[in-house]
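Residue numbers (the working numbering): 2 to 93.
Positions of the beta carbon are idealized from the N, C-alpha and C atoms, including for glycine.
Worksheet: the structure to be examined is printed underneath.
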């Protein structure tokens with residue numbers, strides 16, 4: 002989790018690592034919502050995390066909102082490219 006403790010940045014780890022972070026976020030932080038953020042190829046992992054958490058572990062979990070977007074990233078050779086982003090807000 003990041004410095005804003007209810008935000009989970011999804012990357013290359015297995016989905017269950019992030020599912021554990023979602024469950025921990027709801028149980029230990031006493032928060033009503035957790036936000037999953039992902040870019041590029043990690044978007045599919047973020048969606049998997051949300052669905053696994055909802056269907057297997059936290060049955061009362063709801064998807065509050067989904068925000069999609071695009072970020073401009075610079076590459077090592079100086080060129081820029083567009084990368085898709087997603088934010089999934091889960092609410093208990």
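Residue i (DSSP reduced to helix, strand or coil)
| i | result |
| --- | --- |
| residue 65 | strand |
| residue 36 | strand |
| residue 91 | strand |
| residue 26 | helix |
| residue 52 | helix |
| residue 3 | Note that residue 3 scores 45 on pLDDT, short of 50, meaning its location in the model is unreliable; the coordinates nonetheless yield the value given after this. Correct three-state label for residue 3: coil. |
| residue 1 | Outside the displayed range of the chain (2 to 93) lies residue 1, so it cannot be described from this structure. |
Sub-8 Å separation of residue i and residue j beta-carbons
| i | j | result |
| --- | --- | --- |
| residue 85 | residue 44 | yes |
| residue 92 | residue 60 | no |
| residue 9 | residue 51 | no |
| residue 77 | residue 40 | no |
| residue 20 | residue 68 | no |
Residue closest to residue i, alpha-carbon to alpha-carbon, out of the options
| i | options | result |
| --- | --- | --- |
| residue 55 | 17, 82, 6 and 7 | 17 |
| residue 87 | 81, 74 and 70 | 70 |
Assumed close pair residue i, residue j - CB separation to whole angstroms, cut-off 8 Å
| i | j | result |
| --- | --- | --- |
| residue 30 | residue 11 | The Cβ separation is near 18 Å, so there is no contact. |
Residues bridged to residue i [DSSP beta-bridge criterion]
| i | result |
| --- | --- |
| residue 84 | 72 |
| residue 10 | 38 |
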